[in-house]
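A.B. asks: I'd like to ask some things about the structure below.
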Amino acid sequence: MKLPIRHLSVRVPWHDSLWDGTVCNNPRDNASCMFLPRIKEKNVEFEEKCKGKHFSELSYKDLPPCVAEKATFMSKEEITRVVNHPYKESVDLYAHYKDTPLKIPPYSFSVVPFLWMMKDPKKHESEKAKELELYYEPSLEPKLDFFSIWVQNDHNQKVLLDAFASSLEVEKSLVFIYAKHTPLSDLADRVLIGVGRVTGIGEIKKYNSAIKNPSHESYIWERPVYHSIREKGYDGFILPYHEILERSKTDETIDLASLIAIAPNREQFSYGSEHVTHDTAIDALLELRQSLEKIGHVLDKNYEAYLKWIDDRISELWSMRGAFPGIGAVLSAMKINQGNLVAFELEKKIFEMDGDQLKTDPWDVLDQIFTGNDRILPSNVTKNIGSTFKRIWEQIPDARKKYLNLMSRMELNNEQAIMFYDDRSMKKNRLDCSENDLIQNPYLFYEKSRYTPHAIEFTTVDKAFLPSKKIEDVFPIEKPSHIEDSIDPRRVRALLVDILEGNADIGNTLLPESKIITLLDEKNIEPKCSVTRDIMSIIASSFEDEIVVIESDEDNYYKLKRLTDVRDTIHKFVSRRIKGKCIDIEKDWEAIIKQKIKGDRTTTVLLEKENKALNEKSAALRELARSRFSVLVGPAGTGKTKLLDILCDLPEVKNKGILKLAPTGKARVKLGSDAQTVAQFLYKHDRYDVETGRYYLNPDACQYGECKTVIIDEASMLTEEQLSAIIDTIVGVERFILVGDTRQLPPIGSGRPFVDIVEHLKPKHFDSGKPRVAKGFAELEVIFRQNELEGHADGDERIDVRLASWFSSSSIRKEDEDIFDILADKQKHWKHLKLRSWYQVGELHQILLEELKEELHLESQDDHIGFDLSLGAIKDGNFTYFNIGAAEKIENWQILSPQRGYGYGTKEINRFIQKTFKQGVIDKALNLERKKRLTAKPMGIDNIVYGDKVINVRNKRWDKPWNRLYPESKSNVSLRYIANGEIGVHTGPFTKKWKGEFPAQITFSSQPGYSYIFKSRDFENENESQLELAYSITVHKSQGSGFKTVILILPNPCPLLSRELLYTAFTRQENKVIILFQGDLKDYKKYTSDRFSETAKRITDLFEMPDLKEIDNVIYDTNHVQISAKGEFMISKSEVIIADHLFYNKVNYAYEQILRDENGREIKPDFTIEDPDTGRVFYWEHLGLLTKENYRNKWKLKESWYRDNGIVPLDEAKDEDDKILITTKDKPDGGIDSKEIKDIIVNYILA
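Under the UniProt record's numbering, the first residue of the sequence shown carries the number 1, and numbering increases by one thereafter.
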């Protein structure tokens, strides 16, 4: 069967030498390739020995696994690999298959359409075959001892593989190359690599057999497809990613993630190889064009020839696409049997009549068919349109037919067409619109569907209703659906919604008009949508259903209406409760704290510290108990969890019920066995969509009022949507408490509500020496870590705690001795912190083994028994076994890295650790000796085997009939829910007695006493695996968790590093953190600055409008950071006021300029002002933290240094003194005396 022309997507692994048929130049550092299934067995050590060699120089047995994943598509030479059937060693039916040579021609891909080769494992039916009415015979499929989702019969395989290839036309079809992971970004998006034409299509071949005329044969699924891309040619291209990567090594300002091209349709860029429709091909070319232009700008190179090639292809694609690409989906929605097949045949018929010309309207042809002409399409297709339907068609009103015609202009899938088929379908899918609404504004197809599992993209609608001129001329769109021009208000609104939704995903809940105009102009669409402020003001009235315009003196702001509702929900809830009457409860709070926390301190210093902790905890407990809304803020080790336990034990609280929530599974466990994750709770109350991961307000859904106290831990991880959905759910609550640490990473998603609420409630000034407690606000400052709790410390703050504090706030630089100077002393050693530097990845791996050996008390660097014991295994002779109880120790130690890719990222570190300590288990799991199997085969891309430490990476309900647990007796008491971030261990089964396929039992530390049973099918789809290896996890994944010992890998440079990420990383350990840093530790000092604050870059308006300032093309909210008029990041608002007074009085100054004495000791005055006219130098110090003892002590030393070096205080200075010290102080209320500042500048500096 010949299918209509389509294009091709081909997945390749990342390769550091341009896929030229050679082994990578740096195999150890290329972890990006390991995100593909076949490369999980990569032998890094061997590849390091062969790096740079052409694959043709290697024995077929030594070929790296990337060869099977199309890593050679730019090779000039032919390569031969040897393949055999994956069932040969395990199924007798395939035992006669022989090793079969498979040639990979130059400049070609070995294409495998995995999705097309899937079948129902029980009925053996193929959905693709049914959809296309292919001659596929389920009865021919062999009966195996296990269920297989893959087509096995050679006839059926050929039918499907040939049908897939029939859509590819030489010179017309394009081939798009993509990778699942690249070094340019740590996101799990499909990244476009390049594009060319299909220049040839080869044949498939069968596996060789050891016997003649075997009863069962199979095809090798790989078909060679040739392409037009050449190193110096112009018929296609590969994006210059490698060149920009090399440039970025010497230019840290390059934002690599902003330069990549993202595949526009996940479904069509999945399963190894897949068809790409004309619509998606256009979008992909636009992505490639934009990436090429951006990279060209950075590299200062002209890619005009490639850009012209793209424009020519887009023009061809519009002709191929036609005006009605969604006609098959619409016919299917109309319940015409095999609607897409009818559309395929219709497309072929029109091509026979018109060729490449756009002439015939397919709806006119359909109308003839519906009214009785049975000769237009083949009889086997026409039969799908019965006589009953023909009678129905005659009764359908013309207006309804026009609506169906309108829908078919979009490239829809069946689910999307069904969703919008009629008013009844729209109501069923909770779409607040009608056919008439959609006719009036076709962009509602995008706007109304964007929250559904089958969302229609903006670009899909845009191409349909603002098509190329050639389509518009032949098939014009009638009013009112006709889009007048590129700035039609309906188009601008939908595009603005798309932009605002995208920004909400990265944290911004509103955007200024100036930024909106820029983003509209930069949007990768045709025609461009370029607007001005005048245009925006004229069309703004049409935005009201979806967007709220917030007028401001300097710049108007635009905000999604749904996020306005979210903001109002939170704002009203917090404000009303803070103003409300306190809960009538009074106790001897200090006595309660003393009773629950019995001290055992032996030093005066610790007694003093403990008394301070007692005072702040007592005050905090009182506030939490009495306030209707409150926040409890503090870093790890301040006792927040213990304080909550004490609160929850109060009869007045306990007896009225307590709802405990947390964003992650691990944080849920810290709250107790009765706690829930936010997703669990909201799912039960219809405010969380499992399919889309969306949290939403739903006033019509049921509410929860069983508990009078609500506590949410790790609140810094909450998005505005999550918090508002919780508020929308609860009713009749007495007290609502948010608990967390504002210094940690902001949430993944909209806003930073915890930070905004804390800033709103936190007083500007606290009385010295008193607890930091106010109305609805309580902050714990005193940190007690493990050694102090055991009662044998000297009172000094732990060095790891001091290091973390340097990334908590800029003001620490004023209070504490430079931590980086302290850490630079190589003679010092600390119990809770260890530092080791590395330069190359190979060196890092060796250091990592050394540290594991020491920390885990291993006998050697390959002591797999000792390694297993560290993960909770039980030793029996020379073997180790993992029982359900092993999960209790699985989080004793943890390796963290900021990234997934590269040789220092989690992917490669996990592979390295597993290969070092688990290779024997992997060999047994592979059953290479074909003995009686004892445990499950390696599962997933990460080769997960018995005893492996794993992490769950997506929220997953375990409530389907096939979702089982072990032991089954725990089914009724288990959560039957696994939260994103829960860490566990593969605990079996391990036995000779198992019948059938071995599953993997995963026991999570957060859910002790039972295991979740995973089957191999849970790992056999194209989506990211549910489970990944977890010897190393990212810092983001670790948020909300704690480990006894942490080994932290810090690469340099690393674009993902921020102040909050490093603070989060430095606060995950209970006992010790080992930091393995690349290069010089002082290079990381820059991240203590507000410049590197992720929180400050978010634009929100929960309690106040943002005050934005752009520095080096990055926007900051100065409500959260201090930036001077000159664009300098400063520590305090008072410093900004001084700097701005100096600036506006035209006084040149330097901020924190290093000043050295003759002994080499350095200090940094706040401001240095040199007057070339008088020769005088003023050093200005603003003393803003004199209420803190550390700060006062540090100032006394600094003041003595000034005097010792001849720098005279201003009030003591004489005319002949040329080095003068100016000091100013904050007022008692924390403010600054602006008049005093002006007087000093005018009367002394400018005098």
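Don't be surprised by glycine CBs; every beta carbon is placed ideally from N, CA and C.
Since the structure is predicted, the reported quantities are computational estimates derived from the model, not experimental observations.
Nearest to L632 by alpha carbon, out of C648, V492 and G776?
C.D. replies: G776
A.B. asks: Helix, strand or coil: how does DSSP classify Y839 here?
C.D. replies: Note: Y839 maps to coil in three-state DSSP.
A.B. asks: Give me the Cα-Cα distance between I244 and P1053, rounded to the nearest whole angstrom.
C.D. replies: 15 Å
A.B. asks: Taking 6 Å as the limit between beta carbons, can you name the residues of its chain near L466, skipping five residues before and five after?
C.D. replies: I483
A.B. asks: With three or more beta-carbon pairs closer than 8 Å as the criterion, would you say the segment 245-265 touches the segment 115-131?
C.D. replies: Under the Cβ criterion (8 Å, minimum of three pairs), the segment 245-265 does not count as touching the segment 115-131.
A.B. asks: By DSSP's criteria, S273 is part of a beta bridge. Which residues make up the other side?
C.D. replies: V10
A.B. asks: Considering only DSSP beta bridges, list what L896 is partnered with.
C.D. replies: I1033 and L1048
A.B. asks: Report the residue from E610, I418 and D367 whose alpha carbon sits nearest the alpha carbon of Q395.
C.D. replies: Looking at E610, I418 and D367, the one whose alpha-carbon comes closest to that of Q395 is D367.
A.B. asks: Would you say the beta carbon of T1095 comes nearer than 8 Å to a heavy atom of the ligand FMN?
C.D. replies: Questions concerning the ligand FMN fall outside what the structure shown contains, since it holds no ligand whatsoever.
A.B. asks: At what residue ranges does the segment 927-967 contain a whole run of the beta strand (DSSP E), taking only runs of 3 or more?
C.D. replies: 949-952
A.B. asks: From E415 to E131, what distance separates their C-alpha atoms?
C.D. replies: Taking the CA atoms as reference points, E415 sits about 14 Å from E131.
A.B. asks: For the candidate residues L607, V566 and K617, whose alpha-carbon lies nearest to that of W589?
C.D. replies: K617
A.B. asks: Between the C-alpha atoms of D1204 and A636, what's the straight-line distance to the nearest angstrom?
C.D. replies: 41 Å
A.B. asks: Could you tell me the alpha carbon to alpha carbon distance between K40 and R28, rounded to whole angstroms?
C.D. replies: 13 Å
A.B. asks: So for K143, helix, strand or coil by DSSP?
C.D. replies: coil
A.B. asks: Quick check: the Cα distance between T382 and E352, rounded to an integer number of angstroms?
C.D. replies: 18 Å
A.B. asks: Using only the alpha-carbon positions, how far apart do A625 and N963 sit?
C.D. replies: 42 Å
A.B. asks: List the residues that DSSP assigns as beta-bridge partners of Y1010.
C.D. replies: Y1010 is not bridged to any residue.
A.B. asks: For R424, which of helix, strand or coil comes out of DSSP?
C.D. replies: helix
A.B. asks: Could you check which residue in L1050, R533 and V225 has the C-alpha nearest to that of K103?
C.D. replies: V225
A.B. asks: DSSP beta-bridge partners for A129?
C.D. replies: Paired residues: none, contrary to the question.
A.B. asks: Identify every run of the alpha helix (DSSP H) within the segment 1108-1163, keeping only runs that are complete inside it and at least 4 residues long; order them along the chain.
C.D. replies: Inside the segment 1108-1163, DSSP marks whole alpha helix (DSSP H) runs of 4 or more residues at positions 1133-1144, from first to last along the chain.
A.B. asks: When you compare only the Cα positions, how much space is there between K359 and A1030?
C.D. replies: 58 Å
A.B. asks: Between G866 and E859, what straight-line distance do the alpha-carbon atoms span, to the nearest angstrom?
C.D. replies: 7 Å
A.B. asks: Let me know the beta strand (DSSP E) ranges lying completely inside the segment 218-260, each 3 residues or longer, listed in chain order.
C.D. replies: 223-227 and 236-238
A.B. asks: Would you identify the three-state DSSP class for E790, choosing helix, strand or coil?
C.D. replies: Confidence at E790 is low in this model, with a pLDDT of 44, below 50, so the placement of that residue is unreliable and no value is reported for it.
A.B. asks: Going by DSSP, name the residue or residues bridged to H1182.
C.D. replies: Answer is T1224, bridged to H1182.
A.B. asks: Beta carbon of E546, beta carbon of R533: below 9 Å?
C.D. replies: no
A.B. asks: Cα separation between K1235 and R289?
C.D. replies: Take the alpha-carbon of K1235 and the one of R289: they are about 56 Å apart.
A.B. asks: Apart from the five residues on each side of it in sequence, which residues of its chain come closer than 8 Å, Cβ to Cβ, to N43?
C.D. replies: P64
A.B. asks: Could you check the C-alpha separation between L174 and V112 for me, to the nearest Å?
C.D. replies: 16 Å
A.B. asks: Within 8 Å, do at least three Cβ pairs link the segment 526-545 to the segment 662-673?
C.D. replies: no
A.B. asks: Assess, as a yes-or-no matter, whether the segment 1060-1069 is touched by the segment 940-955 under the definition of 3 or more beta carbon pairs within less than 8 Å.
C.D. replies: The segment 940-955, when compared against the segment 1060-1069, does not touch it at the 8 Å Cβ threshold.
A.B. asks: Select from I506, S486 and S541 the residue whose C-alpha is nearest the C-alpha of I525.
C.D. replies: S486
A.B. asks: Run the CB neighbour count on N508, radius 10 Å, all protein chains shown included, and call it buried at 16 or more, exposed below.
C.D. replies: buried
A.B. asks: Do you know how far the Cα of W830 is from the Cα of I1074?
C.D. replies: Each residue's Cα considered, the two are about 11 Å apart.
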